[in-house]
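Participant:
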Amino acid sequence: MAVAPLSLANVQGDILFGLPKQTQSFFFFQIDQVDAFRSNLSNLVPLITSAQQTQTNISEIRQFKIKNNIAVDAGDGEVVHPDVITVSGVNIAFSAKGLQKSKFSTKLTFMRIGILDDINDTLFNNGMKSDASNLGDSGMQQADGTFQPDWDDTFLQEIHGVTLVTGDSHDTVNDKLASVKDILSGTVTEISTLSGDVRPGDEAGHEHFGYKDGVSNPAVQDVEAINPGQATIDQGVALLGRGVDTATTRPSWALDGSFMAFRKLPQLVPEFDKFLLDTAKTQDAADLMGARFVGRWKSGAPIMNATTQDDPALGADATLNNDFKFVKGDQSACPFAAHIRKMNPRNDLSESAIQPHMILRRGIPFGPEVSDEERQANATAQERGLLFVCYQSVLSSGFSFLQQAWANKQNFPPGDSPTPGFDPIIGQTTSGDVRTMTGAFVNNTSQPLNLLAQWVNSKGGEYFFSPSIPTLQNVFATS
Ligand code: HEM
Numbered sequence: 000m001a002v003a004p005l006s007l008a009n010v011q012g013d014i015l016f017g018l019p020k021q022t023q024s025f026f027f028f029q030i031d032q033v034d035a036f037r038s039n040l041s042n043l044v045p046l047i048t049s050a051q052q053t054q055t056n057i058s059e060i061r062q063f064k065i066k067n068n069i070a071v072d073a074g075d076g077e078v079v080h081p082d083v084i085t086v087s088g089v090n091i092a093f094s095a096k097g098l099q100k101s102k103f104s105t106k107l108t109f110m111r112i113g114i115l116d117d118i119n120d121t122l123f124n125n126g127m128k129s130d131a132s133n134l135g136d137s138g139m140q141q142a143d144g145t146f147q148p149d150w151d152d153t154f155l156q157e158i159h160g161v162t163l164v165t166g167d168s169h170d171t172v173n174d175k176l177a178s179v180k181d182i183l184s185g186t187v188t189e190i191s192t193l194s195g196d197v198r199p200g201d202e203a204g205h206e207h208f209g210y211k212d213g214v215s216n217p218a219v220q221d222v223e224a225i226n227p228g229q230a231t232i233d234q235g236v237a238l239l240g241r242g243v244d245t246a247t248t249r250p251s252w253a254l255d256g257s258f259m260a261f262r263k264l265p266q267l268v269p270e271f272d273k274f275l276l277d278t279a280k281t282q283d284a285a286d287l288m289g290a291r292f293v294g295r296w297k298s299g300a301p302i303m304n305a306t307t308q309d310d311p312a313l314g315a316d317a318t319l320n321n322d323f324k325f326v327k328g329d330q331s332a333c334p335f336a337a338h339i340r341k342m343n344p345r346n347d348l349s350e351s352a353i354q355p356h357m358i359l360r361r362g363i364p365f366g367p368e369v370s371d372e373e374r375q376a377n378a379t380a381q382e383r384g385l386l387f388v389c390y391q392s393v394l395s396s397g398f399s400f401l402q403q404a405w406a407n408k409q410n411f412p413p414g415d416s417p418t419p420g421f422d423p424i425i426g427q428t429t430s431g432d433v434r435t436m437t438g439a440f441v442n443n444t445s446q447p448l449n450l451l452a453q454w455v456n457s458k459g460g461e462y463f464f465s466p467s468i469p470t471l472q473n474v475f476a477t478s
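In numbering that gives the first Met the number 0, the protein residues as written are 0 to 478.
In structure tokens, the structure reads:
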């Protein structure tokens with residue numbers, strides 16, 4: 000049967016545009032009372048923010064900023080400045096255990112997902128913990144052969160679902176979260192609520208190492224305008240049941256849903272900065288080496304087009320900051336292993352080889368700013384990092400693939416000499432061996448650099464399915 004054209008009213012807003020946010024809470028829960036939960040879900044559905052609503056909210060925020068002479072920074076389109084507009088968003092997603100527990104389809108009864116209703120994503124069905132050692136998370140092999148990752152307790156428990164609540168201020172988010180909890184009250188147990196905040200002042204839109212985030216995301220075909228150099232992906236790379244995804248058998252209720260990978264990724268910021276300074280010797284050289292680790296300067300300017308120093312105007316210009324390609328086999332301007340080259344090897348591989356692996360990133364920083372004491376001690380005392388979120392239609396092509404097959408693979412991009420090494424930002428090994436990369440030193444790009452620490456260490460996460468709004472309403476909820 001032909002699938003009707005995509006309606007933005009049917010898709011949850013975080014998937015296609017990203018819910019606008021200054022602050023965000025993730026409410027992780029277990030479903031205790033299945034029937035009551037499904038019945039109460041019908042009261043939650045009207046609160047769910049669609050992609051259509053999100054698009055309107057983003058456009059209102061931009062209009063307001065323009066009218067009031069507030070800078071609309073490229074790359075921070077998702078950031079609501081607290082003094083700008085009152086806005087909130089609610090989305091919901093379920094783990095495979097949550098879907099099984101909730102018997103969301105009549106065919107599921109009390110069993111595991113049956114053949115007819117198998118959503119057909121093995122990584123999702125098995126959960127992130129089963130994928131942890133493949134992802135390179137640290138942990139211990141148990142006597143029974145299972146792998147126990149070194150994760151926070153939250154993610155070692157059985158999580159059934161997560162509600163994402165975003166807004167312009169803590170008050171807005173807390174009020175909205177209270178309404179969500181009220182609706183679900185008596186039917187779920189809270190496992191944990193994690194909160195993140197856009198960083199203050201000039202750091203807004205930057206992750207904790209200081210680099211502007213959210214600069215490059217692919218445009219979904221026929222959904223949004225494309226900036227120069229921005230990739231366009233088939234709708235089926237993001238959404239189940241559409242475009243290229245129709246090649247995979249999905250239950251009808253999966254249409255217009257997306258898999259959400261959630262990862263809690265603490266970052267060792269003072270340690271990262273000290274390593275750069277110790278290795279590069281001067282602050283300018285350290286800044287350049289940091290930019291070579293990421294592939295962009297802190298402003299977001301790509302080092303391919305700003306090779307020796309940062310160019311904030313370039314970083315802020317969405318019509319220019321993705322308009323570059325890497326030079327295959329050459330790492331003089333940008334190391335093969337640079338984070339953005341590993342994650343989107345523009346021109347190292349053909350566009351058609353990269354596109355199935357593209358993800359829509361929607362993370363937010365968490366934790367306080369680095370304190371003076373931490374700076375002086377060059378040591379992290381308070382946990383901070385990224386609550387990483389990304390959407391894709393196939394986890395083994397998206398998040399899990401990018402982490403394993405590209406970030407953690409020393410010989411990716413393929414055929415390059417010298418061997419690229421690990422992505423210095425997110426590459427990881429379960430063995431804890433020292434990671435190496437080449438290309439860090441601008442004057443001798445063949446010289447290997449031992450990355451003496453791993454500055455991003457996963458504390459866990461889960462794979463979720465973010466259903467379409469009609470599926471939430473008509474299949475998952477009961478009245
Ligand atoms: C704490 C962990 C991380 C940090 C600090 C970080 C930082 C960054 C920064 C600064 C950029 C460049 C700006 C931008 O294009 O938005 C970026 C881009 C990107 N990151 Fe990460 N990232 C992290 C984790 C991850 C993970 C876990 C993945 C996926 C496995 C990932 C995938 C990507 C992708 C796909 C891009 C865009 C590449 C492009 O299209 O040019 N990142 N990241």
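For every residue, glycine included, the Cβ atom is placed at its ideal position computed from N, Cα and C.
With DSSP collapsed to three states, give me the class of GLU461.
Facilitator: strand
Participant: Determine the DSSP secondary structure at SER168, reduced to helix, strand or coil.
Facilitator: coil
Participant: Grouping DSSP H, G and I as helix and E and B as strand, with all else coil, what is HIS159?
Facilitator: coil
Participant: What is the rounded straight-line gap between the Cα of PHE258 and the Cα of ASP415?
Facilitator: 32 Å
Participant: Going by beta-carbon coordinates alone, are LEU451 and ALA439 separated by less than 7 Å?
Facilitator: Contact flag unset, no.
Participant: To the nearest angstrom, report how far apart SER132 and SER430 are at their CA atoms.
Facilitator: 10 Å
Participant: Does the stretch 278–292 come close enough to the stretch 181–194 to have 3 or more Cβ pairs within less than 8 Å?
Facilitator: no
Participant: What does DSSP give as the partner residues of ASP435 in its beta bridges?
Facilitator: It is Thr, not Asp, that sits at residue 435 in the sequence shown. DSSP output for THR435 lists ASN449 as bridge partner(s).
Participant: For GLY228, which of PRO250, THR278, ASN346 has the nearest alpha-carbon?
Facilitator: ASN346
Participant: Three or more C-beta pairs closer than 8 Å, one from the stretch 332–348 and one from the stretch 4–18: is that the case here?
Facilitator: no
Participant: Please state the DSSP three-state secondary structure of SER38.
Facilitator: In the structure shown, SER38 sits in a helix (DSSP, three-state: H, G or I).
Participant: When the Cα atoms are used, what is the spatial distance from GLY240 to PHE271?
Facilitator: 42 Å
Participant: The alpha helix (DSSP H) with GLY289 in it runs from where to where?
Facilitator: First-last of the alpha helix (DSSP H) with GLY289: 282–293.
Participant: When the Cα atoms are used, what is the spatial distance from THR108 to GLU206?
Facilitator: Because the pLDDT at THR108 is just 40, under 50, the model does not fix this residue reliably, and the point stays unresolved.
Participant: Assign GLN11 to one of three DSSP states: helix, strand, or coil.
Facilitator: strand
Participant: Please specify which runs of the beta strand (DSSP E), each continuous and at least 3 residues long, are wholly inside the stretch 164–250, giving them in chain order.
Facilitator: 187–196
Participant: Can you find the residues in the same chain that come closer than 6 Å, C-beta to C-beta, to LYS341, ignoring five residues on each side of it along the sequence?
Facilitator: TRP405, ALA406, ASP422
Participant: Taking its Cβ as the centre, do 16 or more other Cβ atoms sit within 10 Å of LEU122, making it buried, or is it exposed?
Facilitator: buried
Participant: Go to LEU122, then tell me how far its alpha helix (DSSP H) extends in each direction, as first and last residue.
Facilitator: 121–125
Participant: Can you find the residues in the same chain that come closer than 8 Å, C-beta to C-beta, to HIS356, ignoring five residues on each side of it along the sequence?
Facilitator: The answer, listed in chain order, is SER396, GLY397, PHE400, LEU401, TRP405.
Participant: Going by DSSP in three states, SER298 sits in which element: helix, strand or coil?
Facilitator: coil
Participant: Go ahead and pull the three-state DSSP assignment for ASN473.
Facilitator: helix
Participant: Please work out which residues of its chain come closer than 7 Å, Cβ to Cβ, to ILE232, disregarding the five sequence neighbours upstream and downstream, and give them in chain order.
Facilitator: PRO217, VAL219, GLN220, GLN354, MET357
Participant: Where do the ends of the alpha helix (DSSP H) carrying MET342 lie?
Facilitator: Counted as a single uninterrupted DSSP element, the alpha helix (DSSP H) harbouring MET342 occupies residues 338–342.
Participant: Does LEU254 pass the burial test, meaning 16 or more other C-beta atoms within 10 Å, or should it be called exposed?
Facilitator: Per the 10 Å Cβ criterion, buried.
Participant: Does the beta-carbon of ALA337 have 16 or more other beta-carbons within 10 angstroms, so that it is buried, or is it exposed?
Facilitator: buried
Participant: Can you list, in chain order, the residues of its chain whose CB lies under 7 Å from that of GLY235, leaving out five sequence neighbours each side?
Facilitator: If we look at GLY235 and ignore the five residues flanking it on each side, its Cβ neighbours are ARG241, GLY242, VAL243, ASP244, THR245, SER392.
Participant: Excluding the 5 residues flanking THR470 on each side, which residues of the same chain have their C-beta closer than 8 Å to its C-beta?
Facilitator: TRP252, ALA253, LEU254, ASP255, GLY256
Participant: Does ligand 1 have even one heavy atom less than 6 Å from the beta-carbon of LEU287?
Facilitator: Between ligand 1 and the CB of LEU287, the shortest heavy atom gap is not smaller than 6 Å.
Participant: Helix, strand or coil for LEU5 per DSSP?
Facilitator: coil
Participant: Less than 7 Å separating the beta-carbons of PRO301 and PHE335?
Facilitator: no
Participant: Classify SER467 as helix, strand or coil using the three-state DSSP reduction.
Facilitator: coil
Participant: Any heavy atom of ligand 1 closer than 6 Å to the Cβ of LEU385?
Facilitator: yes
Participant: Say whether the stretch 260–277 touches the stretch 35–47, bearing in mind that this needs 3 or more beta-carbon pairs closer than 8 Å, one atom from each stretch.
Facilitator: Contact between the stretch 260–277 and the stretch 35–47 is absent: fewer than 3 CB-CB pairs across the two stretches fall below 8 Å.
Participant: Are there any heavy atoms of ligand 1 lying less than 6 Å away from the beta-carbon of VAL293, as far as the coordinates show?
Facilitator: VAL293: yes, Cβ under 6 Å from ligand 1.
Participant: Which residues share a DSSP beta bridge with LEU385?
Facilitator: LEU264, PRO364
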